[in-house]
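Report on the following structure.
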Amino acid sequence: MTPTYESYTDFKNQLLTAFREGEERLNGESKTALHQVRRQALTAFDQLGFPTIRHEEWKYSNVNSLIKQRFTIDGTSTLTADELSSLEIPNLEGNVLYFVNGHYQAEMSHIVSPADQVQIGSLADSIKADPDGVGAHFARYADYKDSAFTALNTALATDGVVIRVPANAQVEQPIILRFISDARVNNVASQPRNLILVGKNAEVTVTESFRTLGDNSSFVNIVTEISLDRDARMQYYKVQDETNQAYHIGTTQVHQTDNSHFYAATVTLNGNFVRNNLNIVLNGQYAEAFMYGLYMPNGRQHVDNHTLVDHAMPNSYSNELYKGILDDSGTGVFNGKIFVRPDAQKTNAYQSCKNVVLSPNATMNTKPQLEIYADDVKCSHGTTTGQLNDEALFYMRSRGIPKDEARTLLLYAFAQDVLSQIKIQPIRDYLEGVITAKLTK
21 MTPTYESYTD FKNQLLTAFR EGEERLNGES KTALHQVRRQ ALTAFDQLGF
71 PTIRHEEWKY SNVNSLIKQR FTIDGTSTLT ADELSSLEIP NLEGNVLYFV
121 NGHYQAEMSH IVSPADQVQI GSLADSIKAD PDGVGAHFAR YADYKDSAFT
171 ALNTALATDG VVIRVPANAQ VEQPIILRFI SDARVNNVAS QPRNLILVGK
221 NAEVTVTESF RTLGDNSSFV NIVTEISLDR DARMQYYKVQ DETNQAYHIG
271 TTQVHQTDNS HFYAATVTLN GNFVRNNLNI VLNGQYAEAF MYGLYMPNGR
321 QHVDNHTLVD HAMPNSYSNE LYKGILDDSG TGVFNGKIFV RPDAQKTNAY
371 QSCKNVVLSP NATMNTKPQL EIYADDVKCS HGTTTGQLND EALFYMRSRG
421 IPKDEARTLL LYAFAQDVLS QIKIQPIRDY LEGVITAKLT K
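Here the sequence shown is numbered in my numbering, starting from 21 and rising by one per residue.
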């Protein structure tokens with residue numbers, strides 16, 4: 021079903037108007053190079069429009085229900101620190117930054133790492149203090165020319181975080197970015213933008229967490245740009261536990277240079293419509309990237325994971341494992357692309373997607389892709405979609421384990437390949453609790 025012209029143009033015009041009305045507020049003087057990028061991105065969004073299922077990259081993900089809605093753009097919130105405490109992960113220590121409806125909440129956040137290890141600031145404050153410094157990296161890695169939602173974020177993003185890790189620094193405490201959508205009063209939309217710059221031989225762990233409060237609709241359109249200098253190492257976790265009225269479109273763009281190491285795990289627990297784009301450019305020799313994903317749509321939830329690994333230089337390595345557990349009328353999409361350029365000899369790239377479908381009404385669409393333009397490489401991909409192993413279930417029941425408990429144990433073991441990759445123990449404990457509860461419903 022295609023959106024009506026009125027609904028399509030209403031939401032689009034609302035977003036275009038939001039930019040024009042707040043043009044001076046976005047980043048000060050409208051003549052700065054950064055603001056010119058914003059204007060170019062707005063033009064790109066206006067020309068591209070929202071994608072439809074006729075676009076190959078959106079073939080299985082229809083945004084019709086999203087663009088039918090009306091949202092308050094970057095709305096304010098009355099959320100208090102006491103109310104936020106109910107969303108905290110027990111025993112989690114580190115640099116914890118809160119963003120409510122896209123805006124940084126300094127009074128609720130705490131930064132514990134010293135400045136010689138890492139500099140952390142909100143995007144809004146960083147632009148005011150150093151627009152040229154931010155502008156040197158803003159939209160340098162995430163291309164908005166062919167992506168409507170990246171263009172929209174580039175034009176409208178007013179806040180987020182800027183993280184700079186100096187050369188040779190090891191950030192001992194993790195950085196936890198907690199994005200809260202407060203939809204208790206009305207529909208809310210936010211456009212957070214994160215910029216993470218990791219210097220030579222530096223190391224950092226960053227987690228993005230997403231929650232929603234309230235029964236109204238929320239729309240988060242987030243872009244995170246990550247740059248890893250030579251020999252840099254980064255662990256990146258993304259945890260999504262939103263409501264059945266939540267729409268989430270996220271793009272994480274990673275640029276790696278020589279000998280850098282990037283390690284990502286994306287866990288989608290809940291959300292009405294979720295689209296995750298993880299794009300990695302291995303633009304250096306001996307660069308390595310590891311990607312893990314777990315998604316569990318049930319009800320009428322829709323989760324779409326798109327990944328792209330671009331091997332641009334020789335001797336690079338990537339390994340990817342995504343797993344899905346689908347129930348009720350949930351739908352899943354996995355589109356994984358490995359691109360090996362002509363100069364990227366000695367590339368090793370592996371991709372695997374495995375899914376368990378628990379209901380006859382659940383649907384999983386997979387599309388692994390290889391584009392190889394070099395001849396001395398080792399690349400493979402594969403996907404499987406099936407039901408729970410009847411033999412294993414029968415064996416456990418023959419040992420006296422009740423059917424429901426045996427089913428939960430098997431599914432939990434299936435998810436462990438991804439959960440075990442999360443090295444922050446309090447986050448891992450929290451996820452295991454939520455997943456166990458979801459599997460036993």
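Every residue gets a Cβ at the ideal spot worked out from N, C-alpha and C, and that includes glycine.
Terminal residues of the continuous alpha helix (DSSP H) containing Y432?
It spans 423–439 - the alpha helix (DSSP H) in which Y432 sits, taken as one unbroken run.
Relative to the alpha-carbon of L68, which residue among H331, E103, K32 has its alpha-carbon at the smallest distance?
Here the closest residue by C-alpha is K32.
So for S167, helix, strand or coil by DSSP?
The answer is coil: DSSP assigns S167 none of H, G, I, E or B.
So what's S81 in DSSP terms, helix, strand or just coil?
Three-state result, S81: coil.
Determine the closest residue to T271 out of A252, I242, L289, with distance taken between C-alpha atoms.
Selected option, being the one with the closest Cα: I242.
Once the 5 residues before and after G291 are set aside, which same chain residues still bring their CB inside 6 angstroms of it?
Here the set comprises Q260, E262, A266, H268.
Pick out whichever of V274, T367, T72, A101 has its Cα sitting closest to the Cα of H157.
Per the Cα distances, V274.
In chain order, what residues of the same chain have a beta carbon less than 8 angstroms from the beta carbon of A187, not counting five sequence neighbours either side?
Same-chain partners within the cutoff: G219, K220, N221, A222, D249.
In the DSSP assignment, what are the bridge partners of I183?
In the DSSP output, where bridge partners are listed per residue, I183 has I140, I216.
Counting pairs of Cβ atoms below 8 angstroms between the stretch 399–411 and the stretch 304–317, do you hit three or more?
No: fewer than three Cβ pairs fall under 8 angstroms.
Compare the Cα-Cα distances from K366 to each of Q389, S338, Y342, A135 and report the closest residue.
For K366, the nearest C-alpha among the options comes from S338.
Count the other CB atoms within 10 Å of the CB of K343; is the residue buried (16 or more) or exposed (fewer)?
With 16 or more other Cβ atoms within 10 Å, it is buried.
Hey, out of T92, A159, R160, G114, whose CA is closest to I14's CA?
This structure does not reach residue 14, given that the chain is present from 21 up to 461, and the question cannot be answered.
Under a Cβ-count criterion, where at least 16 other Cβ atoms within 10 Å of its own Cβ denotes burial, should Y393 be classed as buried or exposed?
Y393 is exposed by the Cβ-count criterion.
R58 to D145, Cα distance in whole Å?
Rounded to whole angstroms, R58 to D145 spans 17 angstroms at the Cα level.
So is V205 buried or exposed if we call it buried at 16+ other beta carbons inside 10 Å?
Result: exposed.
Hey, how far is the Cα of D166 from the Cα of A175?
Roughly 14 angstroms separates the two Cα atoms.
Return the first residue and the last residue of the alpha helix (DSSP H) that E103 is part of.
Per DSSP, E103 belongs to the alpha helix (DSSP H) from 101–105.
Select from N121, H130, A171 the residue whose C-alpha is nearest the C-alpha of F70.
It is A171.
For the stretch 361–405, list the beta strand (DSSP E) runs that are entirely contained and at least 3 residues long, ordered along the chain.
Runs found: 368–377, 383–392.
Output yes or no for whether 8 angstroms exceeds the beta carbon distance between V154 and L62.
In this structure, L62 does not lie closer than 8 angstroms to V154 by Cβ.
Taking C-beta to C-beta, are E41 and A162 nearer than 8 angstroms?
Not in contact: E41 and A162 (Cβ atoms no closer than 8 angstroms).
Of all the options A382, N375, Y370, H326, which has the alpha carbon lying nearest to the alpha carbon of G356?
Checking every option, the nearest Cα to that of G356 belongs to H326.
Among E228, L233, T232, which has the Cα closest to the Cα of V116?
If we check each option's Cα against that of V116, E228 comes out closest.
From the DSSP output, in three-state form, read off G453 for me.
Note: G453 maps to helix in three-state DSSP.
What are the boundary residues of the beta strand (DSSP E) that includes Y306?
Unbroken run through Y306: none, as it is neither H nor E.
What did DSSP end up calling L62 once you bin it into helix, strand or coil?
The answer is helix: DSSP assigns L62 an H, G or I state.
Return the first residue and the last residue of the beta strand (DSSP E) that A285 is part of.
Unbroken beta strand (DSSP E) run through A285: 281–290.
Can you name, in chain order, every residue of its own chain whose Cβ lies under 7 angstroms from the Cβ of Q125, other than the five neighbours on each side?
Contacts found: Y118, F119.
Whole-angstrom Cβ separation of S336 and N381, contact assumed at under 8 angstroms?
Contact doesn't hold; Cβ gap of about 41 angstroms is too wide.
Please confirm if C399 has its CB atom under 8 angstroms from at least one CB of chain C.
Of the protein chains in this structure there is only one, and it is not chain C.
Anyone know if the C-beta pair for I442 and A285 falls short of 8 angstroms?
In contact: I442 and A285 (Cβ atoms closer than 8 angstroms).
Just tell me which of R90, V208, L289 has its CA closest to the CA of R448.
Per the Cα distances, L289.
Cβ of S129 within 8 angstroms of Cβ of V191?
No.
Taking the alpha-carbon positions, what's the S97 to T178 distance?
Approximately 16 angstroms between the Cα atoms of the pair.
How about V397 and L346: are their beta carbons less than 8 angstroms apart?
Cβ atoms of V397 and L346: not closer than 8 angstroms.
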